[in-house]
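*Asks:* Numbering (this note's numbering), first residue to last: 1399 to 1663.
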């Protein structure tokens, strides 16, 4: 197979981690990095002599774009790219809690005759939930547990004193739509689980700040005609961004590898 060319939308902690992992890849080649106009020169300098160009918009001729920039990027770049026929993969799945956005993405992909892929990110078992939905799901509950630092800069700071927390505290309990809206940088997993299963309003979410843990812990419980399912994952955070699980980066790399490989799983 020929080398897969990809444009990265975003060059924050996740984008940089993906970029570093792809350096020297024989299958996947990053051609451009899309960032805000005021950051183009800075990012171009950081890219150095890699041959990758920093730009402010998805370039003409792009065939595949990977979004790892945050929720605003879907409206700023992904919708337009899809309408032009660019296949897109989305990591900021929590953004789809915004009413009407899933439909807009679908319409844009249909207009461009392409596809938009929602990546599983930090959680496993998404394939099983989506398969179980075909026969009917009764209940899906997601519980996210992180060390207090993992919730810094979020709505959790209005609920508890993260710095002095001595025992586990529930910082949120409600629907996946509410969770993704209140914790956009932390609850992409809740959004992904809901989209695979019962939807944002029927999926229950509980978020916990726990000083006794050092990992990001994800728990899914689902039941339905297929039987019952329980998944627990203890993901290590990205070294330079404790709000993000390292598996998020690996999920994107797996997607790209599958797109470039003759054999996929």
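Cβ atoms here follow ideal geometry from the backbone N, Cα and C, with glycine treated the same way. Quantities reported herein were computed from a predicted structural model and do not represent experimental measurements.
(1) Using a threshold of 8 Å, state whether the C-beta atoms of residue 1410 and residue 1534 are closer than that.
(2) At which residues does the beta strand (DSSP E) containing residue 1570 begin and terminate?
(3) What separation, rounded to the nearest whole angstrom, lies between the Cα atoms of residue 1459 and residue 1479?
(4) Ignoring anything shorter than 4 residues, give me the alpha helix (DSSP H) runs that lie fully in the region 1524-1554, in order along the chain.
(5) I'd like the list of long-range same chain contacts for residue 1662, defined as Cβ closer than 6 Å, with 5 residues on each side in sequence excluded.
(6) Whole angstroms is fine: what's the gap from residue 1552's alpha carbon to residue 1543's?
(7) By the DSSP assignment, the alpha helix (DSSP H) with residue 1645 in it spans what residues?
(8) If residue 1445 and residue 1489 are in contact, beta carbons under 8 Å, what's the gap, nearest whole angstrom?
(9) Could I get the ranges of all uninterrupted alpha helix (DSSP H) runs contained in the region 1495-1527, with 4 residues as the minimum, in chain order?
(10) On the three-pair Cβ rule with 8 Å, is the region 1488-1502 touching the region 1463-1474?
(11) For residue 1462 versus residue 1506, is the C-beta spacing smaller than 8 Å?
(12) In the DSSP assignment, what residue or residues form a beta bridge with residue 1430?
(13) Taking the alpha-carbon of residue 1645 as reference, which of 1401, 1415, 1400 has the nearest alpha-carbon?
(14) Taking Cβ to Cβ, would you say residue 1528 is nearer than 8 Å to residue 1627?
(15) Under 8 Å between the Cβ atoms of residue 1426 and residue 1658?
(16) In its own chain, which residues sit with a C-beta less than 7 Å from the C-beta of residue 1550, not counting the 5 before and 5 after it?
(17) Helix, strand or coil: how does DSSP classify residue 1464 here?
(18) Return helix, strand or coil for residue 1582, following the three-state DSSP convention.
(19) Suppose you measure from the CA of residue 1595 to the CA of residue 1601; what does that come to, to the nearest Å?
(20) Would DSSP call residue 1488 helix, strand or coil?
(21) So for residue 1480, helix, strand or coil by DSSP?
(22) In terms of alpha-carbon separation, which member of 1413, 1577, 1632, 1556 lies closest to residue 1545?
(23) Taking just the CA atoms, how far does residue 1653 sit from residue 1634?
(24) As a quick exercise: from 1548, 1540, 1521, pick the residue whose alpha carbon is nearest that of residue 1647.
(25) So what does DSSP say about residue 1425, is it helix, strand or coil?
(26) Which class does residue 1456 belong to by DSSP, given the choice of helix, strand or coil?
(27) Under a Cβ-count criterion, where at least 16 other Cβ atoms within 10 Å of its own Cβ denotes burial, should residue 1375 be classed as buried or exposed?
*Replies:* In short:
(1) no
(2) 1567-1573 is the extent of the beta strand (DSSP E) around residue 1570.
(3) 10 Å
(4) 1524-1531
(5) The residues are 1656.
(6) Rounded to whole angstroms, residue 1552 to residue 1543 spans 14 Å at the Cα level.
(7) 1644-1658
(8) Residue 1445 to residue 1489, Cβ: 20 Å. No contact.
(9) Correct list: 1499-1510.
(10) yes
(11) Contact flag unset, no.
(12) 1405, 1451
(13) The candidate whose alpha carbon is nearest that of residue 1645 is 1415.
(14) No. Outside cutoff.
(15) Less than 8 Å separates the beta-carbon of residue 1426 from that of residue 1658.
(16) Within the same chain, residue 1550 has close Cβ partners 1560.
(17) strand
(18) coil
(19) Answer to the nearest angstrom: the Cα atoms are 8 Å apart.
(20) strand
(21) helix
(22) 1632
(23) 20 Å
(24) 1521
(25) Three-state result, residue 1425: coil.
(26) Here residue 1456 sits in coil by DSSP.
(27) Because the chain is modelled from 1399 through 1663, residue 1375 falls outside the range shown and cannot be assessed.
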